[in-house]
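Residue numbers (our numbering): 2 to 472.
Each residue gets a CB set at the ideal place from its N, CA and C atoms; glycine is no exception.
Reviewing the structure listed below.
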């Protein structure tokens, strides 16, 4: 490492989709300042002068945002600080302020002692090699932006939440009182609490707030709507208040969880069925992108309504990139990231997706539970995680791919191993964000589901009999 670079730069913070580490350990203000300089150098290479910067509601956010801003200004970049906002609002600000570039300080749905960075430069969400290249720039002192030490960038602040809400209202007008829905909103004490209740009241609906005060300790439950246990309070509140819908948002507001009026969890692949029908009415024959963890029924539903299903790798950056490459008007993944390029900007925005869902239900004029009950359904598990040592998840997937398992079934290997049987499917893929194997199963009925789980159980235990499987 060259003279003047940070005293320690852990390689493991440069993840597949973003930068993420433990505050005070693998992620410090010093490290973030240097990353800011690397981001500035990369922005300079792409002829970007101005970047937007924001943060979520974590306690470490103000200090890390200040360090980030300092580093980017030291690189000669101008910075617009939009303060504490959900990640989709930061993305919106890059469009609204015409920078096409920005950095969000967020730990997303990770525990309270984590934080990180999500980065967009010249309209591209950095991932994979582009993320690792920031670390390389620091290691090799490749931080020259051509302006010298005197070329410190300018800093200004901007308030964008009102503009964001107004922009959604341009696309989704407020409903008259007779069409208003009662909606329970659970922000899990994440930063979406600053925006979601205001947005849905502005759209004319009655809002019941649940854990909408922003608290970086997340004292009530972990802000991750992909975990069923984190939806228990939302389900109870929907039933208690006789609400028609419940929405749950993750820690930075870019992932959506949905509960219908009966208290049934509507997982994102079933949300996507309804979204796809709506979008395909505007874009006949369009491609709809979804990740390998989604139901096979989603692909069938897309085809039934004249669309072309495109299965792709899991990861918000990867899905967003695929959406842009294909020109698809809609994409989504099982974690709850939903991307609309039909009436919106193509970035993952749980707040907009929730508003769009209410608009669709309002047009149908029926209770949410009745609408969702008509969608195709199968027996399935939520996302399951098998914790392993660092790197163990990749080795397990490699062994599954190399072995003689699942004879006669269709295999998809774009992201781990997805095995499609006549009566639905199973998946094993290596997590890119933590040392775990991600599994999900779907069957045409209970017997099929158990048989498919059994085939994966047998295969995994033949690789390592000591595995403590979560199914």
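Under the DSSP assignment, residue 62 falls outside any beta strand (DSSP E), being part of the alpha helix (DSSP H) whose first and last residues are 62 to 75. Taking 8 Å as the cut-off, the beta carbon of residue 229 is found no closer than this to the beta carbon of residue 191. Annotation for residue 227: no beta strand (DSSP E) segment contains it, and DSSP assigns it neither H nor E.
Looking at the backbone, the Cα of residue 65 and that of residue 316 are separated by about 24 Å. Residue pairing by DSSP places residue 418 opposite 429 in a beta bridge. Rounded to whole angstroms, residue 30 and residue 69 show a C-alpha spacing of 8 Å. Taking a C-beta distance under 8 Å as the contact criterion, residue 293 and residue 417 qualify as a contact pair. Contact between residue 251 and residue 226 holds, since their C-beta atoms are separated by about 6 Å, short of 8 Å. For residue 122, the enclosing beta strand (DSSP E) covers residues 115 to 122. Close CB contacts of residue 322 within its chain, under the 6 Å cut and outside five residues either way in sequence, are absent.
Residue pairing for residue 52: DSSP places it in a beta bridge opposite 80.
Put simply, of 421, 170, 438, 93 the residue whose alpha carbon is nearest the alpha carbon of residue 121 is 93. Around the Cβ of residue 362, a 10 Å sphere holds 16 or more other Cβ atoms; the residue is buried. Contact holds between the stretch 435 to 449 and the stretch 379 to 387, because three or more Cβ pairs, one in each stretch, are under 8 Å apart. Ranked by how close their Cα comes to the Cα of residue 72, the residues 98, 110, 41 have 41 in first place.
Between residue 176 and residue 211, the gap from beta carbon to beta carbon reaches 8 Å or more. Per DSSP, the beta bridge partners of residue 442 are 427. Listed in chain order, the non-local C-beta contacts of residue 219 below 6 Å within the same chain comprise 113, 190, local neighbours out to five positions each way being set aside. Within 10 angstroms of the beta-carbon of residue 179 lie fewer than 16 other beta-carbons, which makes it exposed. Taking residue 103 as the centre and dropping the five residues before and after it, the same chain places the C-beta of 52, 53, 91, 95, 121 closer than 6 Å to its C-beta, in chain order. Judged by beta-carbon spacing, residue 28 lies beyond the 8 Å limit of residue 37, meaning their Cβ atoms are not closer than that value. The three-state reading of DSSP puts residue 207 in strand, counting E and B together. Counted as a single uninterrupted DSSP element, the stretch harbouring residue 194 is not any beta strand (DSSP E), since DSSP gives it neither H nor E. For residue 325, DSSP assigns no beta-bridge partner whatsoever. Around residue 58, the same chain offers 85, 190, 191, 192, 194, 195, 215, 216, 217, 252 as residues with beta carbons nearer than 8 Å, after the five sequence neighbours per side are excluded. Contact holds between the stretch 266 to 283 and the stretch 295 to 305, because three or more Cβ pairs, one in each stretch, are under 8 Å apart.
Contact between residue 110 and residue 17 is absent: CB atoms are separated by about 15 Å, not below the 8 Å threshold.
With respect to residue 337, residue 351 sits close: the two C-beta atoms are nearer than 8 Å. For residue 14, there is no enclosing alpha helix (DSSP H), as DSSP marks it with neither H nor E. With fewer than 16 other CB atoms across the displayed protein chains lying within 10 angstroms of its CB, residue 471 is exposed. Counting only unbroken stretches of 3 or more residues, the beta strand (DSSP E) elements lying wholly within the stretch 335 to 398 are 339 to 341, 385 to 388, in sequence order. Per DSSP, the unbroken alpha helix (DSSP H) holding residue 273 starts and ends at 269 to 283. Around the C-beta of residue 411, fewer than 16 other C-beta atoms lie within 10 Å, and the residue is accordingly described as exposed.
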